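Working notes, structure below.
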Amino acid sequence: IEGKRMKLIFHRFWKTLSGIMISLTGFVAFLQSNTKTMLFCIIMILAGLFIVSVSEEKK
Numbered sequence: 016i017e018g019k020r021m022k023l024i025f026h027r028f029w030k031t032l033s034g035i036m037i038s039l040t041g042f043v044a045f046l047q048s049n050t051k052t053m054l055f056c057i058i059m060i061l062a063g064l065f066i067v068s069v070s071e072e073k074k
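Everything in the sequence shown is counted per our numbering, starting at 16 for the first residue and increasing by one.
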């Protein structure tokens, strides 16, 4: 049972981490972007935040 819990925590942590990474990547790209890529960067940031919020809800 203990191993299963660790796996669940690790999985949630990994999802949160990947969401934050996507958001950060989008943000960095946003800072270096022109008008064409700006929308894509905003979508990327929102997608990352969405992944984080979804993984946080399933506790």
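Where a beta carbon is used, it is the ideal one built from N, C-alpha and C, also for glycine. Being a predicted model, the structure only gives us computed values, none of them experimental.
CB-CB length for residue i against residue j, believed under 8 angstroms
| i | j | result |
| --- | --- | --- |
| A62 | I37 | 6 angstroms |
| T31 | M59 | The Cβ separation is near 16 angstroms, so there is no contact. |
| F45 | I35 | Contact doesn't hold; Cβ gap of about 15 angstroms is too wide. |
Minimum Cβ-Cβ distance from residue i to chain D less than 8 angstroms
| i | result |
| --- | --- |
| T31 | Absent from the structure is chain D; it holds one protein chain and no more. |
Quiz item: Going along the chain, which unbroken runs of the beta strand (DSSP E) with 3 or more residues stay wholly within the segment 24 to 54?
Solution: none
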